[in-house]
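Number of protein chains: 2
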Amino acid sequence: MEWKIVGVIAAISTTSGFIPQLIRGIRTKRLEDVSPIMYMLMIFGFIMWLFYGMHLRDVIIIGANVVALTFSSFILILRHKYLKQKNKVY
Amino acid sequence: MEWKIVGVIAAISTTSGFIPQLIRGIRTKRLEDVSPIMYMLMIFGFIMWLFYGMHLRDVIIIGANVVALTFSSFILILRHKYLKQKNKVY
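Protein chains in written order, with the working numbering: chain A, -8 to 81; chain B, -8 to 81.
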């Protein structure tokens, strides 16, 4: 039971990690320094982890990767949007 | 056996995801847009995943999180270093 708690804390931390990045991006309207290749690799990786979690039937791994997948996709989309807006202005 | 491959691909993707971010940071000497709170949460989370992986005795989860922990720590340290250098110049 205690191990489930460690897993849940792990899942919440690495998943919610993308929230401050998303908030920072929305606030500053800048995500230029953020690597798009990193997020592409991450999104692909989260989908693979999702399958692996399904195989292990581990709800924590599945849940963590669904949420991480959602947030990291948003960051990549916003980065593209902000760079497009910037290029229009200058 | 095929599932091990899915796990390894997942681990390599989410782990190596930090490499392009590290390279981008070193190349541009800019990591300002990268959220420090994100990396602090991630580092904490990877340590928790490490313990969870040890509990599951899953070498893939353990290995992935050791590497992710190393790279994300480097990104956070470099961000601090570059911001300090920038503040000296201006």
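For glycine and all other residues, C-beta sits at the position ideal for the given N, C-alpha and C.
- Item | Proximal chain A residues relative to TYR65 (chain B), where beta-carbon distance stays under 8 Å | The residue asked about is misnamed: residue 65 (chain B) is Phe in this sequence, not Tyr. For PHE65 (chain B), there are no neighbours in chain A by C-beta distance under 8 Å, as the nearest C-beta there is about 13 Å away.
- Query: Going by other Cβ atoms of all chains shown within 10 Å of its Cβ, with 16 needed for buried, is TRP40 (chain B) buried or exposed?
  - Reply: Classification of TRP40 (chain B): buried, given that the 10 Å Cβ count is 16 or more.
- Does the count of Cβ pairs from the segment -6 to 3 of chain A and the segment 23 to 30 of chain A closer than 8 Å reach three? The segment -6 to 3 of chain A, when compared against the segment 23 to 30 of chain A, does not touch it at the 8 Å Cβ threshold.
- Status (buried if at least 16 other CB within 10 Å, exposed otherwise) for ARG48 (chain B): With fewer than 16 neighbouring CB atoms inside 10 Å of its own CB, ARG48 (chain B) falls in the exposed class.
- Task: Kindly indicate the opening and closing residues of the alpha helix (DSSP H) around LEU13 (chain A).
- Result: Boundaries of the alpha helix (DSSP H) harbouring LEU13 (chain A): 9 to 19, taken from the DSSP string.
- Query: If contact means a Cβ-Cβ distance below 7 Å, which residues of the segment 20 to 39 of chain A contact chain B?
  - Reply: Under the 7 Å Cβ criterion, the segment 20 to 39 of chain A contributes ARG21, LEU22, GLU23, ASP24, VAL25, SER26, ILE28, MET29, LEU32, MET33, PHE35, GLY36, PHE37 and MET39.
- Query: Among the residues of its own chain, which have a CB less than 6 Å from the CB of PRO11 (chain A), if the five just before and after it don't count?
  - Reply: Non-local beta-carbon contacts of PRO11 (chain A) in its own chain, meaning distances under 6 Å to residues more than five positions away in sequence, are absent.
- Query: Secondary structure at LEU22 (chain A), three-state DSSP: helix, strand or coil?
  - Reply: When DSSP states are grouped into helix, strand and coil, LEU22 (chain A) belongs to the coil group.
- Message: I'd like to know if LEU74 (chain B) contacts chain A, where contact means its C-beta is closer than 9 Å to some C-beta of that chain.
- Response: No, its Cβ sits nowhere closer than 9 Å to a Cβ of chain A.
- Message: Please report the straight-line C-alpha distance between ASN78 (chain B) and MET45 (chain B), rounded to a whole angstrom.
- Response: Roughly 42 Å between the two C-alpha positions.
- Task: Spell out whether any CB of chain A is found under 9 Å from the CB atom of GLY54 (chain B).
- Result: Not flagged as an interface residue toward chain A: GLY54 (chain B), since no C-beta distance is shorter than 9 Å.
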